[in-house]
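So the sequence shown is residues 4 to 148, counted in the numbering used here. Note that CB positions come from ideal geometry on N, CA and C, so glycine has one too. Everything below concerns the one structure shown next.
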Amino acid sequence: MWDNVAGVYFNNWYPDSVPGSSSVRNELAANATKLLSLYKNDVDALNNAQVAGLASYADLTTAVTKNELIEKTFVESYQLARDVVYKGLALTWVGDKQDKVACPLLDYQAKVVATVEPRFVLAGRRLAIVLAKFAAQLRVLGLAQ
4 MWDNVAGVYF NNWYPDSVPG SSSVRNELAA NATKLLSLYK NDVDALNNAQ VAGLASYADL
64 TTAVTKNELI EKTFVESYQL ARDVVYKGLA LTWVGDKQDK VACPLLDYQA KVVATVEPRF
124 VLAGRRLAIV LAKFAAQLRV LGLAQ
C-alpha cells in the first residue's frame with residue numbers, strides 16, 4: 004500500500020533499472036517531473052535549505068548536529084505516521100493466518116497518495132542537499148573519479 008503509493012507508482016524496478024535501460028528511467032524521470040511541478044511551492048517545515056549554502060561538508064555536519072535536523076526529521080516522520088498513516092485504521096485484527104485482511108477503503112488510498120507524493124519531493128530536496136555536500140567532500144579528499 005505505502006511502498007507503491009496505493010498502486011500509483013511502480014516499485015519493482017529490477018531488472019530493468021540498470022545502466023542503459025531507458026524505459027524505467029524515463030518513467031522515473033516523468034514521475035519526478037510531474038511531482039516537482041505539483042509540489043514545487045511546498046515549504047520544508049524543518050527548513051533544510053538553511054544548510055544548503057554552507058561552504059563545506061564539515062560545516063554541514065556541524066549545522067545538522069547543532070540544529071538537530073536528523074532528530075527533528077525522525078520526530079516529523081513519527082508524527083506523520085501517527086497523525087496520518089495509521090489514524091483511523093483498525094489495528095486490532097485477530098484473524099487466523101488463512102484469513103485475508105481487507106484492502107483499505109478508497110478514501111484511505113487517496114490519503115496515501117496525497118501524503119506520499121509531497122513527501123517524495125521533500126525527501127528528494129533534503130537528500131540533494133546532503134549528496135551535493137558529500138560529493139564536494141569526496142572531491143576535496145581526492146576520492147572522486
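Beta-carbon spacing of residue i, residue j below 9 Å
i, j, result
"Ala52", "Ile132", "yes"
"Val88", "Thr118", "yes"
"Ala48", "Val115", "no"
"Lys136", "Leu72", "no"
Of the listed residues the options, nearest to residue i (C-alpha basis)
i, options, result
"Ala32", "Phe13, Lys136, Thr68", "Phe13"
"Ser80", "Leu125, Val11, Asp110", "Leu125"
"Pro121", "Val27, Ser25, Asn44", "Asn44"
Check: residue i C-beta below 8 Å from any heavy atom of the ligand ATP
i, result
"Leu134", "In terms of ligand content, the structure shown is empty, and the ligand ATP therefore cannot be addressed."
**Q.** Length at least 4, wholly inside the segment 12-68: the alpha helix (DSSP H) runs in chain order
**A.** Here the runs fully enclosed are 25-41.
**Q.** Contained alpha helix (DSSP H) runs [length at least 4] in the segment 61-126, N- to C-terminal order
**A.** For the alpha helix (DSSP H) assignment, the uninterrupted runs of no fewer than 4 residues enclosed by the segment 61-126 are, from N- to C-terminal side, 72-83.
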